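When you read off a place in the sequence shown, starting at 1, and then add 883, the result is the number in my numbering. The C-beta atom is built at its ideal place from N, Cα and C for all residues, glycine as well. Everything numeric in this text was worked out from a predicted model, so none of it was measured. A quick write-up on the structure given underneath.
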Amino acid sequence: MLNAIWMGLLALSLLFGIWNGRMADISKAAVDGATAGVEIAIGLVGIMALWLGVMRIGERAGLVTALSCLLHPALQRLFPEVPKDHPALGAMVMNLAANMLGLGNAATPLGLAAMRDLQGLNCVKDRASDAMCMFLALNTSSVQLVPATAIAVLAAAGSLNPSAVIPTALVATTFSTGVGILAALLFRHFYRKQEKIRG
C-alpha cells in the first residue's frame, strides 16, 4: 500500500512538472536531494558510531542493569497478569532500558523476545493480550534519556549544539509514554466493557 502511495505521489509530481513546464527544476531538485542524502548519510556514520560506542560503554558499565532495577517495580504494576519471575518481564525491562539509552539495535531482539514470551501467556492466541498491547504502547512511545539518532542527525546537518535536543526529547517522550499508557488502559477498559455487554 505504501509503495502505491509513493508511486502515486511521484507520478503526480511528474505530471504537474510536465504541465507547468518545470521538468528541468524537478530533475535538478532530484539530483540535489540525492546528493544531500548521501552527504548526510556519510556524516551520520561517524556520529552514530561515536554515540553507539558511548552507549555501549554505558551498557557494559551496568547502566542498562541499573535502569532495569528502577523500571521493574513500575512494570509489575502495569502488567499485573504477568507472573513476577516470568522471563517476559525481564525481557520487557531490558528492552525499555535499552530504548531509553538510545540503543535501538540492542532493544529490538529483547522486544521480540518479550512479545514471544507474552504470547506464551496469552489465552487467545489469535488476539493480542492486554499485556502485549501495553508493552507495544510502552515500546513505541519509549522515554528517551539520550536520543542518539536525533543528536546524530542534527550534528550531520551542521547544528552548532546537537545535544540541545536532549531536554525537549525527554519531555516529549515522557508525555508520549504517559499518553500511550493511558490509551492502553482506556482501550482495555472499553474492550472489557464491550465484552460484558456481549456476554
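Rounded C-beta distance between threonine 849 and valine 1029? I'm assuming under 8 Å. The chain is shown only over 884 to 1082; residue 849 falls outside these bounds and no answer can be derived.
CA nearest to the CA of alanine 1011, picked from Phe1070, Leu898, Gly973, Asn903: Here residue 1011 corresponds to residue number 128 of the sequence shown, with the count starting at 1. Looking at the Cα atoms, Phe1070 is the closest of the given residues.
6 Å CB neighbourhood of glycine 1063 in its chain, flanking five on each side removed: Translated into positions along the sequence shown, residue 1063 becomes position 180. So the qualifying residues of the chain are Ala1020, Ser1024.
So, are the CB atoms of alanine 1066 and valine 1048 less than 8 Å apart? Within the sequence shown, the letter at position 183 stands for residue 1066. Within the sequence shown, the letter at position 165 stands for residue 1048. In this structure, valine 1048 does not lie closer than 8 Å to alanine 1066 by Cβ.
Let me make sure I understand the geometry here. Which of Ala974, Val1054, Gly916, Thr918 has the alpha-carbon closest to that of arginine 999? The residue you call residue 999 lines up with position 116 of the sequence shown. Answer by Cα proximity: Ala974.
Classify alanine 981 as buried or exposed, calling it buried when 16 or more other Cβ atoms lie within 10 Å of its own Cβ. Position 98 of the sequence shown holds residue 981. The residue is buried, with at least 16 neighbouring Cβ atoms inside 10 Å.
By alpha-carbon positions, which one of Gln959, Leu979, Met906 ends up nearest to threonine 1060? For the purposes of this step, residue 1060 is taken as the residue at position 177 of the sequence shown. Of the listed residues, the one whose Cα sits closest to threonine 1060 is Leu979.
Name the two residues that bound the continuous alpha helix (DSSP H) containing asparagine 982. Here residue 982 is taken as the residue at index 99 of the sequence shown, counted from 1. Asparagine 982 -> alpha helix (DSSP H) spans 970 to 983.
Starting from glutamine 1077, trace the alpha helix (DSSP H) both ways and give me its first and last residue. Taking the first residue of the sequence shown as 1, we reach residue 1077 at position 194. 1048 to 1081 is the span of the alpha helix (DSSP H), which, as asked, contains glutamine 1077.
When the Cα atoms are used, what is the spatial distance from glycine 997 to glycine 920? Stepping through the sequence shown from its first residue, residue 997 is reached at position 114. Stepping through the sequence shown from its first residue, residue 920 is reached at position 37. Position check: residue 997 holds alanine in this sequence, whereas glycine was assumed. If you take the alpha carbons of alanine 997 and glycine 920, they lie about 35 Å apart.
Counting along the chain, where does the alpha helix (DSSP H) carrying alanine 1037 start and finish? Within the sequence shown, residue 1037 is the residue found at index 154, counting from 1. Here residue 1037 turns out to be leucine, not alanine, going by the sequence shown. Leucine 1037 -> alpha helix (DSSP H) spans 1031 to 1039.
Spatial neighbours of asparagine 1005 in its chain, beta-carbon cut-off 6 Å, leaving aside the 5 residues before and after: To locate residue 1005, count along the sequence shown from 1; it is residue 122. Counting only Cβ-Cβ distances below 6 Å, and skipping sequence neighbours, we find Ser1012.
Straight-line gap, aspartate 1009 to cysteine 1016 (C-alpha atoms, nearest Å): By 1-based counting over the sequence shown, the position of residue 1009 is 126. By 1-based counting over the sequence shown, the position of residue 1016 is 133. Cα to Cα, aspartate 1009 sits roughly 13 Å from cysteine 1016.
Distance between proline 956 and histidine 1072 (C-alpha atoms, nearest Å): Walking along the sequence shown from the start, residue 1072 turns up at place 189. Walking along the sequence shown from the start, residue 956 turns up at place 73. Taking the straight line from one Cα to the other gives about 22 Å.
Taking the alpha-carbon of threonine 991 as reference, which of Asn1022, Thr1051, Leu1001 has the nearest alpha-carbon? Locating residue 991 in the sequence shown gives position 108, counting from the first residue. Taking only the C-alpha atoms, the option nearest threonine 991 is Asn1022.
Where proline 956 sits in the DSSP three-state scheme: The count along the sequence shown starts at 1 and reaches residue 956 at position 73. The answer is helix: DSSP assigns proline 956 an H, G or I state.
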